[in-house]
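J.:
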Amino acid sequence: MQGQCIVWGANNNHRRKNTMDIIYLNDLRIDTIIGIYDWERRVKQTISLDLEMASDIRKAASSDDIEDTLNYKAVAKRLISFVESSEFQLVETLAERITEIVLNEFQVPWVRLRLNKQGAVRGARDVGVIIERGNKAS
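Residue numbers (the numbering used here): 1324 to 1461.
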């Protein structure tokens, strides 16, 4: 997470500058067709998503109103709908499309995604990709 810099004004009021808050979703499990092998094209597999999304939560914290924040339930519902109906061969392609949705549809300036395709490699518990897109500076 990016640190914060406190800027003091003439009347000793202060404001945060260059801050970034993160709203996250961990272990969002979704069944989908994913893979390059024939059997993978016929059987849905469970993938797991961990998302970190940059957001300035100060307005929502002040108002206590869901309309003033990134609604993580709306993000989850959108991604579940998209991933369940997708049929990509590569986790890399799916990861890119997921981050595009988050950045463009939810006006998030930065996102970090960990996409896990458990069981893809014998002997390994987790296999997947981690990507970051957008700008961390808010």
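For glycine and all other residues, C-beta sits at the position ideal for the given N, C-alpha and C.
Predicted, not measured: the structure shown is a model, and the values here were computed from it.
Does the Cβ of Trp1362 have 16 or more other Cβ atoms within 10 Å, making it buried, or fewer, making it exposed?
T.: It counts as exposed.
J.: Which runs of the beta strand (DSSP E) fall wholly inside the region 1347-1433 and span at least 3 residues, in chain order?
T.: 1368-1378
J.: Return the first residue and the last residue of the beta strand (DSSP E) that Arg1456 is part of.
T.: Gly1451 to Gly1457
J.: Let's test the definition: count the other Cβ atoms within 10 Å of the Cβ of Thr1416 and tell me whether it reaches 16, buried, or not, exposed.
T.: exposed
J.: What is the C-beta distance between Leu1304 and Leu1351, in whole angstroms, given that I count them as a contact (C-beta under 8 Å)?
T.: Examination of residue 1304 is not possible in this model, given that the chain is present from 1324 through 1461 alone.
J.: Evaluate the contact criterion for the region 1353-1373 versus the region 1435-1451: three or more CB pairs, one atom per stretch, below 8 Å.
T.: The region 1353-1373 vs the region 1435-1451: in contact.
J.: Rank Ala1399, Glu1407 and Ile1454 by C-alpha distance to the C-alpha of Ala1418 and give the top, closest one.
T.: Ile1454
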